[in-house]
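In my numbering, the protein residues as written are 1 to 373.
First the structure, in the form of structure tokens, and then the observations on it.
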């Protein structure tokens with residue numbers, strides 16, 4: 001324990017002396033959190049729409065007003081020929097084009113079926129699918145309304161239709177920031193701790209202190225344990241900073257226990273530190289360590305469910321996500337933040353993180369030979 005203590009104290013002194021790194025660890029999370037909180041959103045609003053209205057009647061104007069009042073669309077331009085819609089879509093000036101036929105109002109008043117041309121820019125497939133859903137929903141609402149009015153105009157009481165009333169749990173306002181900020185907490189913790197610890201053994205080689213360590217009675221496991229103690233405090237500092245900014249600046253909800261979050265965060269911090277130390281045992285230079293970090297960080301960000309749902313991924317990729325520690329921590333923090341989940345709901349993910357970290361630390365200590373050169 002004394003040897004671990006002195007190694008940890010040495011790492012603390014080196015960290016405090018490196019003011020640039022210390023400042024970067026404090027400033028970078030705040031900046032990245034603000035950027036992700038405002039930019040990384042799944043809400044799609046004010047999409048440009050171009051309309052070619054051949055009908056030019058109150059019915060056609062009422063139809064287009066339904067898109068504007070939803071907040072999902074705004075009019076870029078009204079055109080007189082449908083060929084102008086092609087030019088707007090080709091130039092990227094609009095993402096949706098609507099063509100209303102001349103007999104639109106006449107068919108509605110006669111109770112006949114009428115068709116409306118809708119064009120969607122499919123360059124961004126995810127955006128196109130979301131917009132198609134919005135367009136379908138708004139069109140169905142308008143169609144249902146005019147059908148009921150037509151039936152009433154015939155002196156017939158419309159039949160009772162099925163009415164669904166949905167209730168959203170855990171995120172009633174459907175604010176994407178409530179979903180993204182906990183994910184940003186996991187991402188920043190992983191990135192910063194991985195970069196901090198991956199350079200741990202590499203620095204010893206580059207600074208020439210590896211030879212000094214090799215003549216001491218320090219064992220590889222003791223060296224690793226001593227090196228991960230300071231980053232543990234840094235990890236909690238990052239988590240606390242992100243949580244404070246999220247609660248105060250973005251006004252996100254927090255329904256769970258802070259103590260439980262800190263307890264489970266320890267297991268993820270250990271997993272991130274162990275991965276960084278293992279990478280440092282494979283790297284000879286700092287550049288190698290930084291590049292190897294990206295090989296580990298990018299799959300964790302893209303495949304953990306931080307941005308894309310795991311259920312939408314191909315089955316082989318879904319199986320691969322079980323080896324990513326960020327997947328489990330995301331489930332934990334989003335459960336605690338949004339659902340107020342307790343220990344019973346996430347103890348299994350926490351146990352997997354703990355086992356993941358212990359196994360990787362053991363592998364790192366096996367690779368770290370007494371002679372650190």
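Yeah, the Cβ is synthetic: ideal placement off N, Cα and C, and Gly gets one too.
When C-alpha distances from residue 259 are compared across 294, 336, 111, the shortest belongs to 336.
With a 10 Å radius around the Cβ and a threshold of 16 neighbouring Cβ atoms, residue 356 comes out buried. Bounds of the alpha helix (DSSP H) holding residue 86 are 83 to 90.
Judged by pairs of C-beta atoms under 8 Å, the segment 85 to 94 does not touch the segment 57 to 74, as fewer than three such pairs exist. Residue nearest to residue 233 within the set 300, 143, 189 is 189 (criterion: CA-CA distance). Counting C-beta atoms within 10 angstroms of its own C-beta, residue 349 has 16 or more neighbours from the protein chains shown and is therefore classed as buried. Counting only runs of 3+ residues, the beta strand (DSSP E) found wholly inside the segment 102 to 169 occupies 117 to 120, in chain order. The count of Cβ pairs closer than 8 Å, one atom from the segment 228 to 242 and one from the segment 269 to 280, reaches three, so the stretches are in contact.
When the alpha-carbon of residue 298 is set against those of 116, 327, 277, 334, the nearest one is in 327. Here residue 199 is actually not in contact with residue 29; their C-beta atoms are around 18 Å apart, not less than 8 Å. Between residue 95 and residue 126, the gap from beta carbon to beta carbon reaches 7 Å or more.
Listed as beta-bridge partners of residue 51 by DSSP are 78, 98. Counting the other Cβ atoms within 10 Å of the Cβ of residue 129 gives fewer than 16, which makes it exposed. The Cβ atoms of residue 115 and residue 59 do not sit closer than 7 Å to each other.
Residue 367 places its beta carbon 7 Å or farther from that of residue 292. According to the DSSP assignment, residue 267 belongs to the alpha helix (DSSP H) that extends over 258 to 282. Between residue 235 and residue 330, the gap from beta carbon to beta carbon reaches 7 Å or more. Residue 342 is classed as exposed because its beta carbon has fewer than 16 other beta carbons within 10 Å across all chains shown.
If you draw a 10 Å sphere on the C-beta of residue 289, you find 16 or more other C-beta atoms in it, and that means buried. The beta carbon of residue 269 is closer than 6 Å to those of 232, 235 in its chain, skipping five residues each way along the sequence. Apart from sequence neighbours up to five positions away, the residues of its chain that approach residue 194 with a beta-carbon distance below 7 Å are 272, 275, 276, 293, 296, 297, ordered along the chain. Distance from the CA atom of residue 149 to the CA atom of residue 309, rounded to whole angstroms, is 41 Å.
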